[in-house]
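Encoded as structure tokens, the structure appears first; notes follow it.
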Amino acid sequence: MVRIDHRQLQMCLHDPVVKRRPTPSSTNRQLDDQKVRSPQQRSTAPPRGLVQTDSPNFLCSSLPQHWRCNKTLPRAFTVVALGNDVPDGVVVTVMAGNEDNSSAELRNATATMKQGYAHFNDLRFIGRSGRGETD
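Position in the sequence shown (from 1) plus 1 gives the number in our numbering.
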């Protein structure tokens with residue numbers, strides 16, 4: 002079993018896959034701004050199932066306290082970008098660790114940002130939890 006601490010989850014944002022997006026007209030932009038509201042604009046508390054990260058600009062899915070290695074999480078892990086600073090097509094990579102293992106090995110730890118969300122459908126923690134000693 003791996004003990005997971007969401008406070009130590011880190012995210013890396015890479016250059017967008019799509020280099021340039023078309024700029025919407027001012028009327029379309031106003032409509033988009035009215036339709037799209039970030040979770041932060043709706044309430045000061047994070048939406049259910051999301052937790053604060055070390056960065057005030059991002060939320061992420063909550064993680065179970067304990068989880069077996071190499072097993073799929075009970076639901077897709079999601080990273081939410083607050084505001085409009087992260088364009089669609091940006092590649093997001095997550096990293097994790099705890100006090101026993103500062104750099105956990107992850108599988109399927111890369112996703113693409115789309116409409117402010119990056120969904121990691123099959124994120125898995127691989128390897129040992131850091132418990133016990135080997136000679």
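The beta-carbon is built from N, C-alpha and C at its ideal position, and this holds for glycine as well.
- Taking all protein chains shown into account, A77 has fewer than 16 neighbouring C-beta atoms within 10 Å of its C-beta and is therefore exposed.
- In the DSSP assignment, A112 falls within the unbroken beta strand (DSSP E) covering 111 to 113.
- Comparing alpha carbon positions, the residue from C70, T73, V91 closest to V80 is V91.
- Check the Cα spacing between R125 and each of T54, P65, P88, G50: the tightest is with P65.
- Around the Cβ of S103, a 10 Å sphere holds fewer than 16 other Cβ atoms; the residue is exposed.
- The Cβ atoms of D89 and Q53 lie no closer than 8 angstroms to each other.
- Here DSSP, grouped into helix, strand and coil, assigns S103 to coil.
- In the three-state DSSP reduction, V52 falls in the strand class (E or B).
- A distance below 8 angstroms between beta-carbons, with the five flanking residues on each side excluded, links P75 to the following residues of its chain, in chain order: P65.
- Annotated three-state conformation of L60 is strand, per DSSP.
- 8 angstroms or more divides the Cβ of L107 from the Cβ of A119.
- At the C-beta level, A82 and N58 come within 8 angstroms of one another.
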